[in-house]
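Q: The structure is given below, and queries will be raised subsequently.
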Amino acid sequence: MMPTLRNLEMTILGLGFLGLAWGKNRLNGYTTPNGVAQSDPDGQIAYLLDIFASLGRFMPPDVDLRGRDVLELSPGASRGNGVLFLALGARSYHAIDVFDLAGGEDPGFYERLLNRFPEGSPLDRARALTLAQSPGAREFGYAVGRDFDIPRLAEGRRFDLIVSCAAFEHYDHPATAIAAMTRVARPGCEAVHIIDLQTHSRWIREQDPNNIYRYPAPLYRLFAFPGQPNRQRPAEYVDSFASAGWSDVRFVPSRTIAPPLRETSLRNLAAPFAGQADMDILDGALTARYPGKPGIWDASS
Ligand SMILES: C[S@@+](CC[C@H](N)C(=O)[O-])C[C@H]1O[C@@H](n2cnc3c(N)ncnc32)[C@H](O)[C@@H]1O
Numbered sequence: 150m151m152p153t154l155r156n157l158e159m160t161i162l163g164l165g166f167l168g169l170a171w172g173k174n175r176l177n178g179y180t181t182p183n184g185v186a187q188s189d190p191d192g193q194i195a196y197l198l199d200i201f202a203s204l205g206r207f208m209p210p211d212v213d214l215r216g217r218d219v220l221e222l223s224p225g226a227s228r229g230n231g232v233l234f235l236a237l238g239a240r241s242y243h244a245i246d247v248f249d250l251a252g253g254e255d256p257g258f259y260e261r262l263l264n265r266f267p268e269g270s271p272l273d274r275a276r277a278l279t280l281a282q283s284p285g286a287r288e289f290g291y292a293v294g295r296d297f298d299i300p301r302l303a304e305g306r307r308f309d310l311i312v313s314c315a316a317f318e319h320y321d322h323p324a325t326a327i328a329a330m331t332r333v334a335r336p337g338c339e340a341v342h343i344i345d346l347q348t349h350s351r352w353i354r355e356q357d358p359n360n361i362y363r364y365p366a367p368l369y370r371l372f373a374f375p376g377q378p379n380r381q382r383p384a385e386y387v388d389s390f391a392s393a394g395w396s397d398v399r400f401v402p403s404r405t406i407a408p409p410l411r412e413t414s415l416r417n418l419a420a421p422f423a424g425q426a427d428m429d430i431l432d433g434a435l436t437a438r439y440p441g442k443p444g445i446w447d448a449s450s
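Position 47 of the sequence shown, counting from 1, maps to 196 under this note's numbering, and the rest follow consecutively.
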């Protein structure tokens with residue numbers, strides 16, 4: 150099929166998917182933070198181990214988390230990453246979200262997760278499990294607020310490492326969240342944020358990964374719902390971090406559009422995406438350091 154005709158077809162189909170996502174949200178609210186069913190603990194464990202490994206890949210080598218305080222933004226359905234950070238010696242883990250998706254998590258799940266994660270000293274692993282299974286432990290915190298007021302939800306804590314996965318693309322105002330996050334960052338704090346830039350709805354994301362970028366803003370906004378992908382591109386995130394005072398800000402792409410889909414995926418996009426040089430990036434990680442004393446990964450810190 151001619152690329153333009155195919156894209157017309159994808160644009161029409163994509164409108165259906167935008168409507169479907171909007172309708173699903175109206176009916177059920179924000180319920181499925183990732184593609185794995187809550188009733189599938191093994192799938193959830195595999196997902197968490199994969200995310201944790203990805204976060205690790207974007208951190209400098211020889212990470213020593215000992216004595217460090219970690220914040221995860223928007224953990225979705227699980228605080229499992231927190232258990233893994235604690236198992237590696239982190240002093241504390243706190244998670245902040247707008248939707249209470251992890252509130253009812255079964256503490257037994259953390260033991261199953263840890264059994265599949267061979268790292269960390271026996272002492273740190275035991276401490277991680279004790280904290281994760283003690284309701285209300287300050288070293289394993291969780292705060293939810295629809296206003297996403299990060300300093301308030303941090304409840305007086307400050308952090309040496311701030312991470313997130315598949316979260317920033319859902320924020321209504323990423324620059325506001327970045328400025329708020331900065332207020333709870335200690336000097337030397339490191340940030341690692343995995344950001345998924347492509348179309349989220351299944352099926353169409355495989356056929357036409359840039360589908361969400363085919364619609365002019367007023368049409369896209371017609372289907373807006375809390376958590377709808379905000380269509381920000383890497384350069385905007387980099388600018389917002391730099392404006393908030395972070396240094397060494399980088400966006401490292403993880404995946405780009407496969408060659409067979411590349412040409413069609415870059416054609417017929419709406420302004421301001423048409424012709425942008427980075428439109429072949431599907432996802433990646435933003436890393437940055439908050440200036441001040443040396444970063445937490447430096448041997449001298
Ligand atoms: C795709 S889920 C990712 C969750 C988790 N990090 C994971 O990898 O499974 C998106 C996360 O962003 C949060 N979120 C959605 N809309 C948001 C918004 N408008 N502002 C702030 N957070 C939002 C959700 O509560 C959820 O935790």
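Don't be surprised by glycine CBs; every beta carbon is placed ideally from N, CA and C.
1) Could you give the DSSP three-state label for glutamine 282: helix, strand or coil?
2) What are the partner residues of isoleucine 299, as DSSP defines its beta bridges?
3) Around the C-beta of aspartate 296, are 16 or more other C-beta atoms found within 10 angstroms, so that it is buried, or is it exposed?
4) Work out the CA separation of proline 256 and alanine 366 for me, nearest whole Å.
5) Going by beta-carbon coordinates alone, are isoleucine 327 and phenylalanine 258 separated by less than 8 Å?
6) Determine which residues share a DSSP beta bridge with valine 436 and list them.
7) Got a sec? Which residues, its chain only, sit under 6 Å from isoleucine 200 by beta carbon, not counting five neighbours each side?
8) Taking C-alpha atoms, which residue in Ala393, Leu204 and Leu250 lies nearest to valine 333?
9) Below 8 Å between beta carbons: does that hold for tyrosine 179 and phenylalanine 248?
10) Do glutamine 347 and leucine 220 have their CB atoms nearer than 8 Å?
11) For isoleucine 299, is the classification buried or exposed, using 16 other Cβ atoms within 10 angstroms of its Cβ as the cut-off for buried?
12) Looking only at C-alpha atoms, which of Gln193, Trp352 and Gly441 sits nearest to tryptophan 395?
13) Taking the C-alpha atoms as reference points, what is the distance between serine 223 and leucine 204?
14) How is the beta strand (DSSP E) around aspartate 246 delimited, first residue to last?
15) My guess is that valine 387 and leucine 435 are in contact by the Cβ rule of under 8 Å, so how many angstroms apart are they, rounded?
16) Within the same chain, show all residues whose beta-carbon is closer than 7 Å to that of leucine 368, passing over the 5 residues directly before and after it, in chain order.
17) Just to confirm my understanding: we take arginine 411, look at its own chain, exclude 5 residues before and 5 after, and list those with CB closer than 7 Å. What are they?
18) Hey, out of Leu235, Ala226 and Asp211, whose CA is closest to aspartate 218's CA?
19) Please give me, in chain order, every unbroken run of the beta strand (DSSP E) with length at least 3 that falls completely inside the segment 315-391.
20) Can you grab the Cα-Cα spacing for the pair serine 449 / aspartate 213, in whole Å?
21) Over the uninterrupted beta strand (DSSP E) stretch that includes glutamate 221, give me the two end residues.
22) Along the alpha helix (DSSP H) that carries phenylalanine 201, what are the first and last residues, could you check?
23) Applying the criterion that 16 or more other CB atoms from any shown protein chain within 10 Å of the CB defines a buried residue, is aspartate 246 buried or exposed?
24) Expressed to the nearest angstrom, what Euclidean distance is found between the alpha-carbon atoms of alanine 420 and arginine 265?
25) If you draw a straight line from the C-alpha of phenylalanine 400 to the C-alpha of asparagine 359, how long is it?
26) Measuring CA to CA, which of Pro284, Gly238 and Arg416 is closest to glycine 269?
27) Cα separation between aspartate 309 and glutamine 187?
28) At a threshold of 7 Å, does proline 365 count as lining ligand 1 (C-beta to nearest heavy atom)?
29) Determine whether the beta carbon atoms of tyrosine 242 and glycine 231 lie at a separation below 8 Å.
30) Taking Cβ to Cβ, would you say valine 312 is nearer than 8 Å to histidine 349?
A: On the basis of the supplied data:
1) Taking the first residue of the sequence shown as 1, we reach residue 282 at position 133. DSSP, read as helix, strand or coil, puts glutamine 282 in coil.
2) Translated into positions along the sequence shown, residue 299 becomes position 150. DSSP output for isoleucine 299 lists no bridge partner at all.
3) In the sequence shown, residue 296 corresponds to position 147, counting from 1. By the beta-carbon neighbour count (other beta carbons within 10 angstroms, threshold 16), aspartate 296 is exposed.
4) For this step, residue 366 is matched to residue 217 along the sequence shown. For this step, residue 256 is matched to residue 107 along the sequence shown. Approximately 43 Å, taken between the alpha carbons.
5) Residue mapping note: residue 327 aligns to position 178 of the sequence shown, counting from 1. Residue mapping note: residue 258 aligns to position 109 of the sequence shown, counting from 1. No, Cβ-Cβ distance for isoleucine 327 and phenylalanine 258 is not below 8 Å.
6) Translated into the one-based positions of the sequence shown, residue 436 becomes position 287. Correcting the residue identity first, residue 436 is threonine in this sequence and not valine. According to DSSP, threonine 436 bridges with Val341 and Arg399.
7) For the purposes of this step, residue 200 is taken as residue 51 along the sequence shown, with counting starting at 1. These residues qualify, in order along the chain: Cys314.
8) Counted from its first residue, the sequence shown places residue 333 at position 184. Nearest option by C-alpha distance: Ala393.
9) Locating residue 179 in the sequence shown gives position 30, where the first residue counts as 1. Locating residue 248 in the sequence shown gives position 99, where the first residue counts as 1. For tyrosine 179 and phenylalanine 248, yes; Cβs fall inside 8 Å.
10) Start at 1 with the first residue of the sequence shown, and residue 347 comes out as number 198. Start at 1 with the first residue of the sequence shown, and residue 220 comes out as number 71. In this structure, leucine 220 does not lie closer than 8 Å to glutamine 347 by Cβ.
11) The sequence position of residue 299 within the sequence shown is 150, counting from 1. Buried: at least 16 other Cβ atoms inside 10 Å.
12) Stepping through the sequence shown from its first residue, residue 395 is reached at position 246. Looking only at Gln193, Trp352 and Gly441, the smallest Cα-Cα distance to tryptophan 395 is reached by Gly441.
13) Your numbering for residue 223 matches position 74 in the sequence shown. Your numbering for residue 204 matches position 55 in the sequence shown. C-alpha separation (whole angstroms): 14 Å.
14) Along the sequence shown, one-based indexing puts residue 246 at 97. Counting along the chain, the beta strand (DSSP E) containing aspartate 246 begins and ends at 241-246.
15) Your numbering for residue 387 matches position 238 in the sequence shown. Your numbering for residue 435 matches position 286 in the sequence shown. Indeed, because the Cβ distance is near 7 Å, the residues count as touching under 8 Å.
16) Indexing the sequence shown from 1 puts residue 368 at position 219. So no residue of the chain qualifies.
17) Residue 411 sits at position 262 when you count from the first residue of the sequence shown. Only Asp429 meet the Cβ criterion.
18) For the purposes of this step, residue 218 is taken as the residue at position 69 of the sequence shown. The residue with the shortest Cα to Cα distance from aspartate 218 is Leu235.
19) 334-345
20) As a first step, residue 449 must be located in the sequence shown, where it is residue number 300. As a first step, residue 213 must be located in the sequence shown, where it is residue number 64. Confidence in serine 449 is poor, its pLDDT being 45 and thus under 50, which makes the residue's placement unreliable; the coordinate value appears in the next sentence. Near 12 Å, if we compare the C-alpha coordinates of aspartate 213 and serine 449.
21) Indexing the sequence shown from 1 puts residue 221 at position 72. Counting along the chain, the beta strand (DSSP E) containing glutamate 221 begins and ends at 218-222.
22) To locate residue 201, count along the sequence shown from 1; it is residue 52. Run containing phenylalanine 201: 190-206, per the alpha helix (DSSP H) assignment.
23) Working through the sequence shown from its first residue, we reach residue 246 at position 97. So aspartate 246 ends up on the buried side.
24) Position 271 of the sequence shown, counted from the first residue, corresponds to residue 420. Position 116 of the sequence shown, counted from the first residue, corresponds to residue 265. Roughly 46 Å separates the two Cα atoms.
25) Counting from one through the sequence shown, the residue named residue 400 turns up at place 251. Counting from one through the sequence shown, the residue named residue 359 turns up at place 210. Between phenylalanine 400 and asparagine 359, the C-alpha separation is close to 19 Å.
26) Within the sequence shown, the letter at position 120 stands for residue 269. Taking only the C-alpha atoms, the option nearest glycine 269 is Gly238.
27) The count along the sequence shown starts at 1 and reaches residue 309 at position 160. The count along the sequence shown starts at 1 and reaches residue 187 at position 38. Computed Cα separation, rounded: 31 Å.
28) Mapped onto the sequence shown, residue 365 falls at position 216. Checking the Cβ of proline 365 against ligand 1 gives no.
29) Start at 1 with the first residue of the sequence shown, and residue 242 comes out as number 93. Start at 1 with the first residue of the sequence shown, and residue 231 comes out as number 82. The answer is yes: Cβ separation under 8 Å.
30) For the purposes of this step, residue 312 is taken as residue 163 along the sequence shown, with counting starting at 1. For the purposes of this step, residue 349 is taken as residue 200 along the sequence shown, with counting starting at 1. No.
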